[in-house]
Amino acid sequence: MNLQEFLTIFISAVFIYNVILSRFLGLCSFIAISKETKPALAMSSAVMFVIVMSSVITWFVYRFLLLPFGLTYLRTISFILVIATFVQFVEMVIKKVSPHLYRAFGIYLPLITVNCAVLGVAVLNIDMFFVNGKQVAGSFYYSVFQGVCVGLGYTLAMLLMSGIRERLELCNVPKALKDFPLAFIIASVLSLSFMGFSGFKF
Amino acid sequence: MKNLIKEFTKGIIKENPTFVLVLGLCPTLAVSVSVANGIGMGIAATFVLLGSSLIVSLVRDFIPDKIRIPCYIVIIATFVTIAELCMKAYSPALDRSLGIYVPLIVVNCIVLGRAEAFACKNNLASAFWDGLGMGVGFTLALILISAIREFLGSGQILGHTLLKGFEPVFVFGMPSGALLVIGLLLGFFNLLKNRKI
């Protein structure tokens with residue numbers, strides 16, 4: 011566990027392998043909710059919170075339940091169950107503790123269960139930080155940090171996209187390209203510019 | 067019988083999951099680098115769709131309304147695990163090139179969408195044909211996108227060179243090429259739709 015490793019995770023998760031623009035995880039929410047900046051930010055913060063917490067929980071589930079009992083083939087099914095339960099639980103807690111925050115997150119929270127980014131990061135953490143059924147040194151910290159960085163990358167892409175789309179509202183685009191197709195073409199140009207970061211090799 | 071054929075064909079053109087409903091795009095874009103990958107992903111997703119539609123339609127009367135989504139997710143995840151293990155056993159190369167996108171079929175919106183919108187309200191036969199139609203529609207869309215990308219990105223289709231002296235446009239093999247292709251295809255299908263009316 012050293013500082014350089016953390017820096018590598020940061021740069022690769024936020025820029026080089028950005029969740030949305032290069033791994034295509036969480037694309038549905040990205041296209042659907044990026045029309046305005048404010049809901050986009052609310053969604054990003056909710057996603058980031060869930061990603062970090064689910065990285066913590068799935069790491070413990072994998073390390074202390076699935077690995078010792080030789081149940082690694084149940085990875086997908088157990089992770090999705092844990093994530094779904096956790097999201098439901100968070101929703102209930104927020105509803106009870108802070109109705110204001112609940113209104114701000116609104117419909118986005120239940121949607122996160124089926125956001126591929128959450129399950130994707132959980133699976134990715136296991137793939138990267140467990141080698142041949144053994145954890146690498148400091149794998150827990152790496153997993154959590156990767157969760158934070160992926161959340162940051164998601165927020166960054168969301169912010170850029172919603173900023174651009176807010177301005178495009180005023181433009182005159184061909185009828186066939188309105189909404190979805192145009193959003194994909196913008197995302198393509200964004201992704202092209204993010205490819206520039208792949209020059210950073212460690 | 068006529069109804070069943072209609073359930074089957076609507077998934078392919080009229081309600082194509084990728085181009086008309088715009089669902090399940092994450093695996094579509096990530097996997098469509100080559101036609102072989104596209105076909106593999108399409109078959110795996112079709113298997114999951116078919117299996118989960120059948121089971122959801124069978125148990126639709128026993129599941130309480132409040133916890134139906136978690137129940138669907140467990141059913142879907144079971145079939146994804148079966149597909150994942152089979153792929154690991156019989157085609158390890160394909161499994162490696164699809165990577166994390168195989169377990170991610172669980173959160174593919176098409177599968178959950180069909181369970182929630184169709185299979186839980188219809189009988190076994192219609193659920194079967196609907197699942198199959200959607201799966202075939204998804205596979206065809208994947209083949210179309212990956213054929214365009216593989217041809218432009220590497221000048222080949224399924225490993226065969228089509229045009230001699232064609233200079234590949236590498237960007238189509240990259241993530242941004244995938245987004246561009248799907249954006250333009252969606253625009254093209256919109257254009258066709260508007261023409262008809």
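Line order of the protein sequences matches chains F and L.
According to my numbering, numbering within the first sequence proceeds without interruption in unit steps and concludes at 212.
According to my numbering, numbering within the second sequence proceeds without interruption in unit steps and concludes at 263.
Note that CB positions come from ideal geometry on N, CA and C, so glycine has one too.
With 16 or more other CB atoms across the displayed protein chains lying within 10 angstroms of its CB, G203(L) is buried.
At least one CB of chain F lies nearer than 8 Å to the CB of V146(L). The beta-carbon separation of S64(F) and V154(F), rounded to 11 Å, does not stay under the 8 Å limit for a contact. Between the stretch 193-201 of chain L and the stretch 116-131 of chain L there are three or more C-beta pairs closer than 8 Å, enough to call the two in contact. Assignment of K68(L) by DSSP, reduced to helix, strand and coil, places it in the helix class. In the structure shown, the three-state DSSP call for F128(L) is coil. Apart from the 5 residues on each side of it in sequence, N125(F) sits with its Cβ closer than 6 Å to the Cβ of G36, S39 in its chain, given in chain order. Residue contact check for C126(F) against chain L: a CB pair falls below 8 Å. For a Cβ distance threshold of 7 Å, residue set A143, V146, T147, E150, P169, V172 of chain L lies close to T86(F), ordered along the chain.
Interface flag for M53(F) against chain L is unset, since no Cβ pair is found closer than 8 Å. Contact between V140(L) and I195(F) is absent: CB atoms are separated by about 38 Å, not below the 8 Å threshold. With respect to the 8 Å criterion, I171(L) and V146(L) are classified as neighbours on the basis of their beta carbons.
Here N256(L) is buried. Its C-beta has 16 or more other C-beta atoms within 10 Å. Setting aside the 5 residues that flank it on each side, A167(F) is surrounded in the same chain by N28, V29, I30, L31, F40, L200, each with a C-beta closer than 8 Å to its C-beta; the list follows chain order. Per DSSP, reduced to three states, the secondary structure at T123(F) is coil, with no helix or strand assignment. For the pair Q156(F) and A23(F), the Cα-to-Cα distance works out to about 7 Å.
Annotated three-state conformation of V128(F) is helix, per DSSP. Considering only K45(F), K48(F), V60(F), L81(F), the residue with the shortest C-alpha distance to P120(F) is V60(F).
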